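In terms of the working numbering, the sequence shown opens at residue 271 and continues consecutively.
In this text, a Cβ means the ideal position worked out from N, Cα and C, and glycines have one as well.
Everything numeric in this text was worked out from a predicted model, so none of it was measured.
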Amino acid sequence: MPEYDLFAQQALVVAQPKRSRWRRYTGPALAVSTVEGTLLAHVTLNGDTRSLLTAASGECVVRIEKRTSFGQFGPVRFRFADSADQEAGTVEARGPVKSQQLRLLTAHGRTLLLTRRGLLSTEWQLTESDPHQIPAPEVLGRATVSTIDGWLGLQQYVVVTDPRLNTSERRTVVTSVICLHLLRRPPGSSSAPA
Numbered sequence: 271m272p273e274y275d276l277f278a279q280q281a282l283v284v285a286q287p288k289r290s291r292w293r294r295y296t297g298p299a300l301a302v303s304t305v306e307g308t309l310l311a312h313v314t315l316n317g318d319t320r321s322l323l324t325a326a327s328g329e330c331v332v333r334i335e336k337r338t339s340f341g342q343f344g345p346v347r348f349r350f351a352d353s354a355d356q357e358a359g360t361v362e363a364r365g366p367v368k369s370q371q372l373r374l375l376t377a378h379g380r381t382l383l384l385t386r387r388g389l390l391s392t393e394w395q396l397t398e399s400d401p402h403q404i405p406a407p408e409v410l411g412r413a414t415v416s417t418i419d420g421w422l423g424l425q426q427y428v429v430v431t432d433p434r435l436n437t438s439e440r441r442t443v444v445t446s447v448i449c450l451h452l453l454r455r456p457p458g459s460s461s462a463p464a
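Encoded structure:
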């Protein structure tokens, strides 16, 4: 599946694949599918600093590199590149609770924010400016997290974007949700996020 087809979708599901409770899981960390359940791509982890988003056909779509300053206490920056090794955007997380707000920069220089209202909120809103300001900015998309297996703690994110976002911007949003999962996942863990 070409990259264009994957990111042309206005709604996608990014989820941890179901796995057996009785043996060690060795498959991909995340699966990207349509809302109806058709597998489009999967994410594999190469250590704690590199990840690869691959189409179901096996074609590389996006490579993600994670950089941190001052260990787990400093800011985290994700840089990602497309299949032609061109920079496709960045995602930055700052502050003591890094999964509270992500700053996205698309390949064309557009800045977006993925923010959740509070620590217990399960919904992140995509905006061009801080959603806490008054009047609130227009919401360009949402990512909602839910648990699909309480015993293993497996999670899924339903990502819905505004039809006005282009393919490049959708790629940045979907990749930022993958980065969000990587931020919430304990280092070296192949199971549940923190």
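Ordered along the chain, which non-local residues of its own chain (more than five positions away) have a Cβ less than 6 Å from that of residue i?
i: T376; result: G359, S438, E439 and T442
i: R293; result: none
i: A243; result: Only positions 271 to 464 of the chain appear in this structure, which leaves residue 243 out of reach.
So for residue i, helix, strand or coil by DSSP?
i: I448; result: helix
i: L384; result: strand
i: A464; result: With a pLDDT of 37 at A464, under the threshold of 50, the modelled position of this residue cannot be trusted; read the value that follows with caution. If DSSP states are grouped into helix, strand and coil, A464 belongs with coil.
i: T360; result: strand
i: S327; result: coil
i: T431; result: strand
i: L390; result: coil
i: R289; result: coil
i: L424; result: strand
Any idea if residue i is buried or exposed, counting beta-carbon neighbours within 10 angstroms, 16 or more meaning buried?
i: H451; result: buried
i: A464; result: Confidence at A464 is low in this model, with a pLDDT of 37, below 50, so the placement of that residue should be treated as unreliable; the coordinate-derived value is given next. With fewer than 16 other Cβ atoms within 10 Å, it is exposed.
i: A406; result: exposed
i: F340; result: exposed
i: S321; result: buried
i: I481; result: In this structure the chain extends from 271 to 464, so residue 481 is not present and cannot be described.
i: A299; result: buried
i: P401; result: buried
Just to confirm my understanding: we take residue i, look at its own chain, exclude 5 residues before and 5 after, and list those with CB closer than 8 Å. What are they?
i: K288; result: I418, D419 and L424
i: G317; result: none
i: R337; result: T319, V346, R347, F348 and R349
i: Q279; result: T304, L310 and R440
i: L410; result: L382, L396, T397, E398, T431, D432, R434 and L435
i: T445; result: L323, V332, I334, F348, F350, A358, G359 and V361
i: S353; result: E273, E329, C330, V331 and V332
On a Cα-Cα basis, can you pick out the residue from the options that is closest to residue i?
i: L282; options: V429, S290, C449 and V332; result: V429
i: R291; options: A325, Q370 and W421; result: W421
i: F343; options: A363, L276 and Q280; result: A363
i: T296; options: Q286, T392 and L310; result: Q286
i: T431; options: R387, R454, L382 and H402; result: L382
i: H312; options: S416, E306 and S327; result: S327
i: F277; options: A299, P298, T304 and R294; result: T304
i: L315; options: D400, A301 and T308; result: A301
i: R454; options: P298, A351, V415 and Q403; result: V415
i: T308; options: R333, I334, E335 and D275; result: D275
i: H378; options: Q356, C449, T397 and L396; result: Q356
Which stretch, first to last residue, makes up the beta strand (DSSP E) that contains residue i?
i: T397; result: E393 to T397
i: L375; result: Q371 to T376
i: D352; result: V346 to D352
i: A281; result: A281 to A285
i: V214; result: Residue 214 falls outside the range modelled here, since the chain spans only 271 to 464, and no answer is possible.
i: P336; result: Looking at the sequence itself, residue 336 is Lys, so the reference to Pro does not match. Start and end: C330 to T338.
i: T296; result: Careful: T296 lies outside any beta strand (DSSP E) and carries neither H nor E.
i: H312; result: L309 to N316
For residue i, which residues in the same chain have their Cβ closer than 7 Å to its Cβ, ignoring the five residues on either side in sequence?
i: V367; result: L389
i: R386; result: Q370, E393 and W394
Cβ-heavy atom distance between residue i and the ligand FMN below 7 Å?
i: V302; result: Looking for the ligand FMN in the displayed structure turns up nothing, as the structure carries no ligands at all.
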